[in-house]
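Contents: one structure, followed by commentary.
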Amino acid sequence: MNLKAKFLGLESGGKPIVILNMEDAGDLGIHSLDRVRVGYKKNCVTAIVNVTEKIVEKGTIGLYEEVKAALGLRREET
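Take 6 as the starting number for the sequence shown in the numbering used here and just add one per residue.
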């Protein structure tokens, strides 16, 4: 599934964390604290999932700063 990245501006203290909309997570069979692989171009990172109804919209994945850095993303690439 392709999702649009939303930079949250949050740091976890080292752990790679992403936030999925509850509907997207349900469609993918993913629950809170599951692990997912997130990729962009040639970069890939395994991240812990948090699920929400409010922080990110359907079709969007929220990225903590650790994931953003691991994927080599910049704001203009979203």
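Where is the CB? At the ideal position from N, CA and C, for every residue including glycine.
Every value quoted in this text rests on a predicted model; they were computed, and no experiment measured them.
For a test of the three-state rule: what should DSSP assign to R42, helix, strand or coil?
By one-based count along the sequence shown, residue 42 stands at place 37. Here R42 sits in strand by DSSP.
Pair every Cβ in the segment 15 to 23 with every Cβ in the segment 56 to 73, then say whether three or more of these pairs are closer than 8 Å.
yes
List the endpoints of the continuous beta strand (DSSP E) containing K11.
Within the sequence shown, the letter at position 6 stands for residue 11. Its beta strand (DSSP E) spans residues K9 to F12.
So, is G64 buried or exposed, given that buried needs 16 or more other C-beta atoms within 10 angstroms?
Your numbering for residue 64 matches position 59 in the sequence shown. Taking a 10 Å sphere around the C-beta of G64, we find fewer than 16 other C-beta atoms and assign the residue as exposed.
Could you spell out the range, first to last residue, of the beta strand (DSSP E) harbouring G77?
Here residue 77 corresponds to residue number 72 of the sequence shown, with the count starting at 1. Taken as a continuous stretch (DSSP letters only), G77 belongs to no beta strand (DSSP E), as it is neither H nor E.
Return the Cβ separation of N48 and A75 in integer angstroms, given the expectation that the two are a contact with Cβ distance under 8 Å.
Translated into positions along the sequence shown, residue 48 becomes position 43. Translated into positions along the sequence shown, residue 75 becomes position 70. N48 to A75, Cβ: 7 Å. Contact.
Exposure label - G77; buried when at least 16 CB within 10 Å
By 1-based counting over the sequence shown, the position of residue 77 is 72. Looking at its Cβ environment, which holds fewer than 16 other Cβ atoms inside 10 Å, G77 is exposed.
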